[in-house]
Amino acid sequence: MIKKIFSSSFVLILLIFSCSSDSDDNSSEVWEQKSEMLTNWADNFIIPYYTTLTNKLENLEVSANTFTSSRNQQNLENLRNSFINAYLSWQYVEMFDIGLAEETYYKSKMNIYPTTVSRIELNIQNGNTNFNNSNNFSAQGFPALDYLLFGIDNSDELIISKYNSDSRYLSYLYEIIDQMLQNTYIIVDDWESYRNTFISSVRNTATSSVNKMTNDFIYYYEKGFRANKFGIPAGVFSGGTLPEKVEAFYNQNISKALALEGFQAIKNFYNGNGAVSLRQYISEVSTEEYSELSTDILDQFNIAENLINDLNENFYNQILTDNIKVLETYDAIQQGTILLKTDMLSVLQIPTDYVDADGD
């Protein structure tokens with residue numbers, strides 16, 4: 033009898049606690065704040081950034097058409113500049129691996145690096161443009177264009193000669209750009225309808241927009257930014273340095289510019305650009321223990337950014353000549369990972385939805 037009374041009381045306590053917790057998290061005030069944050073993310077970040085990327089890719093296609101019509105040094109330079117502008121714009125989009133972008137492996141089709149040169153060459157020889165095949169994910173997107181515009185031969189003269197002598201290279205170049213545009217159009221079109229679903233998903237569940245987008249943001253910071261741009265090339269996860277794994281390996285002089293642009297995207301998203309975002313939300317819900325967390329995160333971002341600014345424009349050369357500076361930069365970025373992944377998620381009561389498997 034005592035056991036039954038205890039069990040009933042225990043269940044009642046759990047129910048009361050559960051209802052209280054759910055009520056606190058799902059109150060109309062909290063829902064409104066989350067909805068404002070999601071609206072800001074959709075209307076001032078995700079959709080505009082995708083629109084900008086679309087415009088840059090369309091400019092890239094125009095430049096490619098001009099180069100195809102007249103293959104000379106000036107048109108090659110214009111094509112390269114359009115490529116760089118689009119690649120810089122991509123840095124603002126990569127973190128948004130949510131909705132249809134996640135379902136269609138959009139990120140993997142746009143920026144897996146290093147690119148697989150042997151696969152590109154095989155595809156060119158065989159006329160294979162099945163870019164939905166996962167084996168071709170690393171043979172398309174920005175890294176593949178990096179190779180085709182800067183790495184298919186040892187000089188600009190020889191690169192132009194290659195395009196003049198073998199039209200299959202031109203065809204593959206154009207097919208990649210067209211595929212990138214079509215993939216982006218699909219995502220942009222989907223956001224017209226997905227937006228309302230996105231901003232209305234305010235509950236604290238594993239599949240809610242706030243939880244998924246916050247996890248995507250941290251995942252990009254930890255993997256796409258910290259590990260891919262710095263940790264892997266610097267040898268953090270291997271027995272030695274791997275400078276050939278830097279972003280934009282064939283045009284190494286933009287590796288720092290890409291990293292700084294990516295970090296600006298991170299800071300913009302965190303700060304909210306004057307509207308509700310993670311920084312403001314953390315300040316609202318933080319306990320006394322974490323009262324300075326929102327500022328601590330921003331301070332750590334600034335420390336890391338200053339270290340990035342001190343690196344060589346060419347990360348490949350930086351790793352070869354003074355890798356210690358890259359490792360120090362990685363460590364500073366990693367401190368931000370701890371603040372975001374451990375402290376911020378704890379304050380927001382959001383569980384991590386991905387597995388950390390890189391040994392850090």
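Count along the sequence shown from 1, then add 32; that gives the number in my numbering.
Quick reminder that beta carbons are idealized off the backbone N, C-alpha and C, glycines included.
Here the alpha carbon of residue 340 sits roughly 10 Å from the alpha carbon of residue 334. The Cβ-Cβ distance between residue 369 and residue 377 does not fall below 8 Å. No beta strand (DSSP E) of 3 residues or more sits fully in the stretch 89-171.
Take residue 209, set aside five residues on each side of it, and the residues of its chain with a beta-carbon closer than 8 Å to its own are 89, 92, 93, 96, 177, in chain order. Put simply, the backbone Cα of residue 313 is about 44 Å away from that of residue 205.
Of the candidates 307, 292, 247, the residue whose Cα lies closest to the Cα of residue 343 is 292. The three-state secondary structure of residue 87, taken from DSSP, is helix. Short of 8 Å from the beta carbon of residue 168, and not among the five residues preceding or following it, lie these beta carbons of its own chain, in chain order: 151, 155, 160, 162. Annotated three-state conformation of residue 184 is coil, per DSSP.
About 19 Å separates the beta carbons of residue 234 and residue 318, which is beyond the 8 Å limit, so they are not a contact pair. DSSP places residue 371 in the helix class (H, G or I) of the three-state scheme. Under the Cβ criterion (8 Å, minimum of three pairs), the stretch 71-84 counts as touching the stretch 294-311. Ranked by Cα distance from residue 372, the options 311, 109, 200, 121 are led by 311. Secondary structure of residue 307 (DSSP, three-state): coil. Under the 8 Å Cβ criterion, the stretch 123-132 counts as touching the stretch 76-88, having at least three qualifying pairs.
Proximity of the stretch 104-122 to the stretch 133-141 falls short of the contact definition, fewer than three beta-carbon pairs being nearer than 8 Å. In this structure the stretch 176-194 lies against the stretch 281-290, because at least three pairs of beta carbons, one per stretch, are closer than 8 Å.
Residue 178 sits in a helix when the DSSP states are folded into three classes. Looking from the CA of residue 76, the closest CA among 336, 301, 345 belongs to 301. With a cutoff of 8 Å on beta-carbon distance, residue 362 and residue 275 are scored as not near each other. Non-local beta-carbon contacts of residue 382 in its own chain, meaning distances under 8 Å to residues more than five positions away in sequence, involve 236, 242, 243, 246, 247 in chain order.
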